[in-house]
Each structure stands twice: as C-alpha cells, then as structure tokens.
Amino acid sequence: MDIVETVRTELRAAADTFSIGKSERGNDILCAHCGGHGGRQIIITAGIHARECYTAFVALRQIRDYNRRGDDGAYIIPLVNPDGARFFESGDAQDSEILGAYADEFRKWKANASGVDLNCNFDANWGTGALNKRYVGASDYIGAYPFCAAESMALKLFTERVMPSATVSYHCMGGELYWEFFQRGAARRRDEAFAAAVARKIGVKKVDGHLNSAGGYKDWCVQRLGIPAVTVELIKSGSHPFCAADFAPDVEANADLPAFILDLLNERS
Numbered sequence: 012m013d014i015v016e017t018v019r020t021e022l023r024a025a026a027d028t029f030s031i032g033k034s035e036r037g038n039d040i041l042c043a044h045c046g047g048h049g050g051r052q053i054i055i056t057a058g059i060h061a062r063e064c065y066t067a068f069v070a071l072r073q074i075r076d077y078n079r080r081g082d083d084g085a086y087i088i089p090l091v092n093p094d095g096a097r098f099f100e101s102g103d104a105q106d107s108e109i110l111g112a113y114a115d116e117f118r119k120w121k122a123n124a125s126g127v128d129l130n131c132n133f134d135a136n137w138g139t140g141a142l143n144k145r146y147v148g149a150s151d152y153i154g155a156y157p158f159c160a161a162e163s164m165a166l167k168l169f170t171e172r173v174m175p176s177a178t179v180s181y182h183c184m185g186g187e188l189y190w191e192f193f194q195r196g197a198a199r200r201r202d203e204a205f206a207a208a209v210a211r212k213i214g215v216k217k218v219d220g221h222l223n224s225a226g227g228y229k230d231w232c233v234q235r236l237g238i239p240a241v242t243v244e245l246i247k248s249g250s251h252p253f254c255a256a257d258f259a260p261d262v263e264a265n266a267d268l269p270a271f272i273l274d275l276l277n278e279r280s
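Read in the working numbering, the sequence shown has 258 at position 247, and its numbers run on one by one without any break.
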C-alpha cells in the first residue's frame, strides 16, 4: 500500500485541500479543511511518526464523514511525515544518506528523512524528555535545535496562523490519551475536563501525568498556545509494525470526533 498516494488521492476529492508546507524531500504535507471559517477551529494531525502512518485512515474517515454545519471548522492533516511513511512501507532509501544508512530499520522507523523524530522537535522543554536522544536514528532524536525539521516547522507556522481552540494528535499504540504538560489552575481543570470527555467518546483511557515527555506537538500547543491539546494512542495492544486493517475499530470510533469536539468547546465557552 502507498499511504502517501492514498492520502493524495482522497484529498483531491475533498472540498478544501491545500499544502501546509513541504517535507524534507519536498513532498506536500496535505491538509483538508472541513466546515466553516468564521467560528472556532481545531487541528487534527496523524502520521507524524513513520511507523504510525496508518493513523492517517482515521483522519481520512473524519474528512469524508464531516457534516457539521455552521461557522466552526476542522483542519485535518492525515500525514505529517510523508517521507518517513514511504520509507516505512517500502524500505526505499531513495537518495537520502540518512535512510540509506538505516535501511535495515525501516519497519521500526519513526523519524523523518533526516532521522529527526518530529514529535521531539517542538519548542516545549525541548531536549529534556526521558527518552530523548542527541544522535540520528529510527526514533527519539530531538534534532539540532527546535523546529530544525521542515515538517515540524511547517506544522508550527500553520498552527500559529490558524490559532486553533484545541488540537488532537493521533499516534499508536496503547489505547490511551495524554493531555498534561505542566498546566496549572483553571487551564489544568479545563484541559482535564476536555481530555476526559474525548477519552470517553472514543473509548480510550485518560492518562494523568506528563510522563517525562518533551518536545511534542501536544506539549507545544499546551505550553506555547495555552489551549487544550491531546495525544491519542490508538490500538490497545499488539506490537509494531501494524497494518492498515488493524486500525479499523479506531476509524469507526473516531469518525465523528471533530464535530463532537467543536460542540464540546462551544458548550464550555
């Protein structure tokens, strides 16, 4: 399966599709906007880790099924890391010296084409995570500095342009939802209530504690933008690599989550 081409094909049929920027290899990072532009906006991302690229199917289903009317809308990015996804699926190192050196690790690859783990490359306590690495590899390399990767910089700039009311990031595995990143007071109470409602809706476990993570997109959204942001770990059990069919239950459970979140935000405003 070519998940990069699948995303391209499906988003061609979406009403409002555009690129938020380019990957390290010059591939478009595609986004579909669903709904209105005048009200609250949310951002949903998937496929930031190469070996988790089939989380894109959850996002694609949300785009197809979105039918909420009104001014609110959702920006849905099915595949933040297209270069890594292609490497994971085929093991094709193409012209990248980094990937060529790690060709035997393609089925566990999380990083981009330069060996940067994009979900460790955001400016939110960057470089302080328990698993962070300072050398190139399949996972956990924080990069030379925050936003050194083309993909993380593109997502940063796009998010700042949209200024969403909340974000959701899809990963796998564990059947869990993470929401904390040192919030305090009213912001913490707001974000915990948001996380609990989303977790109940899609049938995953809300996990309390920031778990010594740092540099993630969710972390940055919480710390820098001050908004509710959650990371959802799909697939309750198993081991990598997963195939597309493994995500079928999560595709169904999350199909109408964008509309649910927008309604939730409006109810609590």
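Positions of the beta carbon are idealized from the N, C-alpha and C atoms, including for glycine.
So the candidates are the options; which of them puts its Cα closest to the Cα of residue i?
| i | options | result |
| --- | --- | --- |
| E171 | I238, E244 and A141 | I238 |
| P260 | G186, F271, N277 and F205 | G186 |
| Q73 | A61, T56 and R19 | T56 |
| G84 | Y113, L273, A165 and D39 | L273 |
| A122 | C64, A177, V179 and Y77 | C64 |
| E35 | L129, A114 and R79 | L129 |
| F158 | F133, I54, F169 and T242 | F133 |
| D27 | G81, Y228, K247 and C45 | C45 |
| N223 | W190, D257 and R279 | W190 |
| W231 | Y77, Q194 and L110 | Q194 |
Taking residue i and residue j to be in contact with their CB atoms under 8 Å, please state how far apart those CB atoms are, rounded to whole angstroms.
| i | j | result |
| --- | --- | --- |
| I87 | A43 | 5 Å |
| G249 | M184 | 6 Å |
| R225 | G138 | Note on identity: in this sequence residue 225 is Ala, with Arg being the wrong assignment. Contact flag correct, Cβ pair sits at about 7 Å. |
| K229 | L188 | At roughly 10 Å, the Cβ-Cβ gap does not stay under 8 Å, so K229 and L188 are not in contact. |
| R51 | L276 | 5 Å |
| D94 | A70 | Actually they are not in contact, since the Cβ atoms of D94 and A70 sit about 18 Å apart, beyond 8 Å. |
Residue i to residue j, Cα distance in whole Å?
| i | j | result |
| --- | --- | --- |
| V91 | I59 | 5 Å |
| E263 | I213 | 9 Å |
| A149 | M164 | 20 Å |
| L166 | G32 | 8 Å |
| S30 | F169 | 10 Å |
| A345 | R75 | Shown here, the chain extends from 12 to 280; a query on residue 345 therefore has no answer. |
| H182 | E278 | 27 Å |
| G140 | D151 | 9 Å |
| F253 | I40 | 22 Å |
| D82 | A270 | 12 Å |
| S176 | I53 | 6 Å |
| R199 | A240 | 11 Å |
For residue i, does the count of other Cβ atoms within 10 angstroms reach 16, so buried, or fall short, so exposed?
| i | result |
| --- | --- |
| S49 | In the sequence as displayed, the identity of residue 49 is Gly instead of Ser. Classification of G49: exposed, given that the 10 Å Cβ count is below 16. |
| A142 | One point to set straight first is that residue 142 is Leu, not Ala, in the sequence displayed. Per the 10 Å Cβ criterion, exposed. |
| T20 | exposed |
| G196 | exposed |
| Y156 | exposed |
| G227 | buried |
| N78 | exposed |
| said: To test your reading of the DSSP string, which unbroken beta strand (DSSP E) runs of 3 or more residues are found completely within the region 72-124? | reply: 84-88
| field | Those runs of the alpha helix (DSSP H) which lie wholly inside the region 166-228 and span at least 4 residues | value | 196-213
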